[in-house]
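Numbering (full-length UniProt numbering), first residue to last: 1 to 136.
#1: When we look at the beta-carbon of residue 40 and count the other beta-carbons within 10 Å, is it buried (16 or more) or exposed?
#2: Is it the case that the Cβ atoms of residue 75 and residue 63 are separated by a distance below 7 Å?
#3: Find the nearest neighbour of residue 87 within the set 80, 73 and 37, judged by alpha-carbon distance.
#4: What do you get for residue 106, buried or exposed, if any count of 16 or more other CB atoms within 10 angstroms of its CB means buried?
#5: What's the gap between the Cα of residue 85 and the Cα of residue 60?
If you want it as structure tokens, here you go:
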């Protein structure tokens, strides 16, 4: 019988991301190492079977909008929160400031002009419920 893993959140996310790959292409080391609190002996999982047992059908990682916003706020240093342990493994954050990964709209690629709008105005003339265009 195979020994059980010592795993952490990042190891689970790496295994989930690579579970559809052939076993030779999967990540072999799940990186979970612990030290014994009494004798400080380092316990690792190098002698444990690397086969991923698989996940039940229907298991998915679906963070809410609030969890995503809290994660991004923590990555920006807002408040005393820590980033979510799994979001970075499933949804990597790009730290580049050019091209489509730019953090500022002025640096995005494409044509820009003085007439680019930051918002749009919709005419209410054809809105349901009898709302007119405000002229009467």
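Virtual Cβ for every residue (Gly too), placed ideally from N, Cα, C.
According to the structure shown:
#1: Numbered from its first residue, the chain shown carries residue 40 at position 40. Result: exposed.
#2: For the purposes of this step, residue 75 is identified with residue 75 of the chain shown, where counting begins at 1. For the purposes of this step, residue 63 is identified with residue 63 of the chain shown, where counting begins at 1. In this structure, residue 63 does not lie closer than 7 Å to residue 75 by Cβ.
#3: As a working mapping, residue 87 is identified with position 87 in the chain shown. The shortest Cα separation from residue 87 among 80, 73 and 37 belongs to 73.
#4: Locating residue 106 in the chain shown gives position 106, where the first residue counts as 1. Under this definition residue 106 is an exposed residue.
#5: The residue you call residue 85 lines up with position 85 of the chain shown. The residue you call residue 60 lines up with position 60 of the chain shown. So the two alpha carbons sit approximately 15 Å from each other.
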